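Student: Going by my numbering, the sequence shown opens with residue 73, and the numbers climb by one from there. Don't be surprised by glycine CBs; every beta carbon is placed ideally from N, CA and C. None of the values given here were measured: they were computed from a predicted structure. Here it is: the structure, laid out below.
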Amino acid sequence: MRRLSGETGVYALVALLGCVCVLVSLDPTGQLAGTPLGVFDGPGLTLDEGFNVDVGVRLADSVLSGDFPEYARRTGELPDHPPLGRLWLGIAHELALLVVPVQGVDAPYVIGLARSGSAVAFGLTLFLVGVTARQLATRLWPSVAEDGQRSQGERGSWGTSFLAGLAAMLALGTLPRMFAHAHIASLETCVALSWMLVIAYALDREEELDQPLVAAKLGFLLGLAWLTKVQGVLLAPVLVVWLVGRALYWPTGIWRTATSPDVSGRVSPRDATRCMVLNRWLVGCVIPMTLVLGVAGVTFVVGWPWLWGDVIGRTAEYLGRTADRTPTLVWYAGRVFVDKEVPWHYPWFQLVASCSEIALLCGAAGWFAMRRTLPGATALLAGCLLFPLVLFSLPGVAVYDGDRLFSMIFPLGAVACGVGIAAIAQWSGASPTYSLRKVRIVAASACLLQIAMELVILRSTWPCSLSAYGVSVEGLRGAVRAGYARTYWGDSITRTLLSQLTKQVPEGATIELLPVMHPFQIPVLASQTPAILEGRYSLIPYNTPRPAGRRFLLVFFRDDYLEPEFRAAVPPGKPLAEVRRQGVLLAGLYELLPHSD
């Protein structure tokens, strides 16, 4: 990863293309209509975006104006999350505001502009995924000498490592839910980027972690992950176990000089044992681990001024708030669960249902290819991918909103998928026999089919691709038929649906909203939607007492928070406009019967 090459330039172009594809479809409500960021519909406003952008813009204003005391104060205004991810969104908002005109917004921030921060984070993540997969493939098949010429007798080719990186980028970039997350001003895409930074650096410098500066840099990146969102904490136990296992089982060269013979050519068993223990555990494990965790902790505290008044107490408060949060309902297998009572297999189902079978098989091929030649890399990637899934499978651990809590593992799976595709190409191309040529053709066709399937799913669900399901559950229609969530975050109230308000609802009317998940949901939607401001509509929660008259309802179908009549195939009321994907009803505008006297 440290050497630039033509391949790296190609990856940068692909990442830029992915970022641009996101940037042109960010508009949630019509606020960016007629601008480069609103060429296509983006996902509708999600439930958390108002919090993130409001705090992020105020943090960015303080930083950009140089008022760091005010920044320190504002990091404690809503300390449910650390400040870095929100600051990233806020700075993106302020930069976009300089060049993109906005219309029909009655708020000090514009959520569509802040979404550009997630778009850029997505592009950077794509680039890191490609470079990391290429690096692992190069270590597996060292086909290029240091001078850039093919070495005689070496396996593989320049194309194998390049293919690994490109395939990994395509596997992540065409994954419908990750592509949709990249359009939302939430912290999930920033978390994925912070995770990928830590893991890419650890893999790149795996043999140099005994050097204090390298370990300190890894700790700094880990601290940035902690400052992004609480999921960054999940990296720490995996890195600790990895460093211990690295010292035990994976000879990386850091202690090989410890038992070099003396002038006489002899080493006493006692000296050899002492040197081995010293280097393996002190130099190879204890010192790097101490530096990584210590620098991460210092970075976390320094980067979050709210903690300074009481570091231990407020850190405990932050972590405790994460554990003792308000329960969220979950719709799973046709039933409503409280988030801490969801069946253990919920995250595993979400993982399998979100990815294509071909991608999963290629990922498994990648693990198989790396398991012996690169045991350290295999263990780190597998640990970071599996630990969140195992954790969220434990009884009493809250899980909700599909794969949102563990979406940061998808870039790691994409790396394994890219290496697996390169491995299949390498194995099938190792011999010129006719049968292996057929295998190579089948493998290439399968990979192209995977990309095509993901693109078809993405196209058929856009801009509601947070509701996308893979072929394993027969898509969104099959998932809903089996009792799984059709939408959860409000993104199905799209720009197109909101544009129907002024056409279908009389000016000044009252519109009921369902479901209402928190008290800021209605003010954010009202202030960020040009159609609501233009029609001077009033938004109220569903079934709020009001004078008799025509009733209008705007609803997104999150089944766990809906009254039973709205879970039916045909909801009550006269449909004025609906959002359907793959034949499944996700949101709609309805005229209801007036309140009875």
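Under three-state DSSP, which class holds Val-177?
Tutor: If you number the sequence shown from 1, residue 177 lands on position 105. Val-177 sits in coil when the DSSP states are folded into three classes, being neither helix nor strand.
Student: First and last residue of the beta strand (DSSP E) that includes Ala-659?
Tutor: Residue mapping note: residue 659 aligns to position 587 of the sequence shown, counting from 1. Boundaries of the beta strand (DSSP E) harbouring Ala-659: 656-664, taken from the DSSP string.
Student: By how many angstroms is the C-alpha of Leu-119 removed from the C-alpha of Arg-558?
Tutor: Position 486 of the sequence shown, counting from 1, holds the residue named residue 558. Position 47 of the sequence shown, counting from 1, holds the residue named residue 119. A direct Cα-Cα distance of roughly 16 Å separates Arg-558 from Leu-119.
Student: Give every residue of the same chain whose Cβ lies closer than 8 Å to the Cβ of Glu-218, excluding the five residues on either side of it in the sequence, and list them in chain order.
Tutor: By one-based count along the sequence shown, residue 218 stands at place 146. With a pLDDT of 39 at Glu-218, under the threshold of 50, the modelled position of that residue is not reliable, and no figure is offered here.
Student: Report the rounded CA-to-CA distance for Leu-564 versus Leu-238, giving the unit in angstroms.
Tutor: Sequence index remark: in the sequence shown, residue 564 carries index 492 (1-based). Sequence index remark: in the sequence shown, residue 238 carries index 166 (1-based). Before going on, a small fix: residue 564 reads as Ser here, not Leu. If I take the Cα positions, the gap works out to 31 Å.
Student: Who are the near neighbours of Gly-122 in its chain, counting only those whose CB is closer than 6 Å to its CB and skipping five residues on each side?
Tutor: Position 50 of the sequence shown, counted from the first residue, corresponds to residue 122. These residues qualify, in order along the chain: Phe-592, Val-596.
Student: Are Pro-108 and Trp-376 close, meaning C-beta to C-beta below 7 Å?
Tutor: Walking along the sequence shown from the start, residue 108 turns up at place 36. Walking along the sequence shown from the start, residue 376 turns up at place 304. For Pro-108 and Trp-376, no; Cβs fall outside 7 Å.
Student: Which first and last residues belong to the alpha helix (DSSP H) in which Glu-166 is found?
Tutor: Within the sequence shown, the letter at position 94 stands for residue 166. 156-169 is the extent of the alpha helix (DSSP H) around Glu-166.
Student: Does the Cβ-Cβ distance between Leu-626 and Leu-585 come in under 7 Å?
Tutor: On the sequence shown, position 554 is the one that residue 626 refers to. On the sequence shown, position 513 is the one that residue 585 refers to. Yes, the pair counts as a contact, with Cβ atoms nearer than the cut-off.
Student: Is the region 188-201 in contact with the region 249-260, if contact means three or more CB pairs nearer than 8 Å?
Tutor: yes
Student: Quick one, which of Ser-233, Cys-262, Val-172, Lys-301 has its alpha-carbon nearest Ala-105's?
Tutor: Residue numbering aside, residue 105 sits at position 33 when the sequence shown is read from its first letter. Selected option, being the one with the closest Cα: Val-172.
Student: Assuming Leu-749 is part of the beta strand (DSSP E), what are its boundary residues?
Tutor: Only positions 73 to 669 of the chain appear in the structure, and residue 749 is not among them; the question remains open.
Student: Can you tell me which of Trp-561, Arg-531, Gly-562 puts its alpha carbon nearest to the alpha carbon of Gly-547?
Tutor: Sequence index remark: in the sequence shown, residue 547 carries index 475 (1-based). The residue with the shortest Cα to Cα distance from Gly-547 is Arg-531.
Student: Measure the Cβ-Cβ separation of Ala-274 and Leu-290 and say whether it is below 7 Å.
Tutor: Indexing the sequence shown from 1 puts residue 274 at position 202. Indexing the sequence shown from 1 puts residue 290 at position 218. Cβ atoms of Ala-274 and Leu-290: closer than 7 Å.
Student: Suppose the cutoff is 7 Å on Cβ atoms and the five residues either side in sequence are ignored; what does the same chain contact list for Leu-379 look like?
Tutor: Here residue 379 refers to the residue found at position 307 of the sequence shown. For Leu-379, where only same-chain residues beyond five positions count, the Cβ hits under 7 Å are Val-373, Arg-386, Thr-387.
Student: Kindly indicate which three-state DSSP category Trp-213 falls into: helix, strand or coil?
Tutor: Working through the sequence shown from its first residue, we reach residue 213 at position 141. In this structure, Trp-213 counts as coil in the three-state DSSP scheme.
Student: Out of Leu-198, Arg-206, Val-263, which one is the CA nearest neighbour of Gly-90?
Tutor: In the sequence shown, residue 90 corresponds to position 18, counting from 1. Looking only at Leu-198, Arg-206, Val-263, the smallest Cα-Cα distance to Gly-90 is reached by Leu-198.
Student: Excluding five sequence neighbours on each side, which residues of the same chain lie with their C-beta closer than 6 Å to the C-beta of Gly-245?
Tutor: To locate residue 245, count along the sequence shown from 1; it is residue 173. Gly-90, Leu-198.
Student: Ends of the beta strand (DSSP E) at Thr-582?
Tutor: Your numbering for residue 582 matches position 510 in the sequence shown. Segment 582-586, the beta strand (DSSP E) holding Thr-582.
Student: Return the first residue and the last residue of the beta strand (DSSP E) that Val-38 is part of.
Tutor: It is not possible to answer for residue 38, since the shown part of the chain is limited to 73 through 669.
Student: Here's the rule I'm using: 16 or more other beta-carbon atoms within 10 Å means buried, otherwise exposed. How should Ser-426 be labelled?
Tutor: Stepping through the sequence shown from its first residue, residue 426 is reached at position 354. Flag for Ser-426 reads buried.
Student: Identify, in the order they occur along the chain, each residue of the same chain with its Cβ nearer than 6 Å to the Cβ of Ala-87, setting aside the five sequence neighbours on each side.
Tutor: As a working note, residue 87 is residue 15 in the sequence shown. Only Gly-195, Leu-198, Phe-199 meet the Cβ criterion.
Student: Which class does Lys-575 belong to by DSSP, given the choice of helix, strand or coil?
Tutor: Position 503 of the sequence shown, counting from 1, holds the residue named residue 575. Of the three classes helix, strand and coil, the one that applies to Lys-575 here is helix, per DSSP.
Student: Under a Cβ-count criterion, where at least 16 other Cβ atoms within 10 Å of its own Cβ denotes burial, should Gly-81 be classed as buried or exposed?
Tutor: The residue you call residue 81 lines up with position 9 of the sequence shown. Burial call: exposed.
Student: Look up Tyr-633 in the DSSP assignment and say whether it is helix, strand or coil.
Tutor: One-based indexing of the sequence shown puts residue 633 at position 561. Reduced to three states, the DSSP call for Tyr-633 is helix.
Student: Pull up the distance between the alpha-carbon of Thr-450 and that of Cys-456, whole angstroms please.
Tutor: As a first step, residue 450 is located in the sequence shown; it is residue number 378 there, counting from the start. As a first step, residue 456 is located in the sequence shown; it is residue number 384 there, counting from the start. Distance between the alpha carbons of Thr-450 and Cys-456: 10 Å.
Student: Going by beta-carbon coordinates alone, are Asp-99 and Gly-116 separated by less than 7 Å?
Tutor: The count along the sequence shown starts at 1 and reaches residue 99 at position 27. The count along the sequence shown starts at 1 and reaches residue 116 at position 44. No; because the gap between Cβ atoms is not below 7 Å, this pair is not in contact.
Student: For Gly-110, name the three-state secondary structure that DSSP assigns.
Tutor: Here residue 110 refers to the residue found at position 38 of the sequence shown. If DSSP states are grouped into helix, strand and coil, Gly-110 belongs with the strands.
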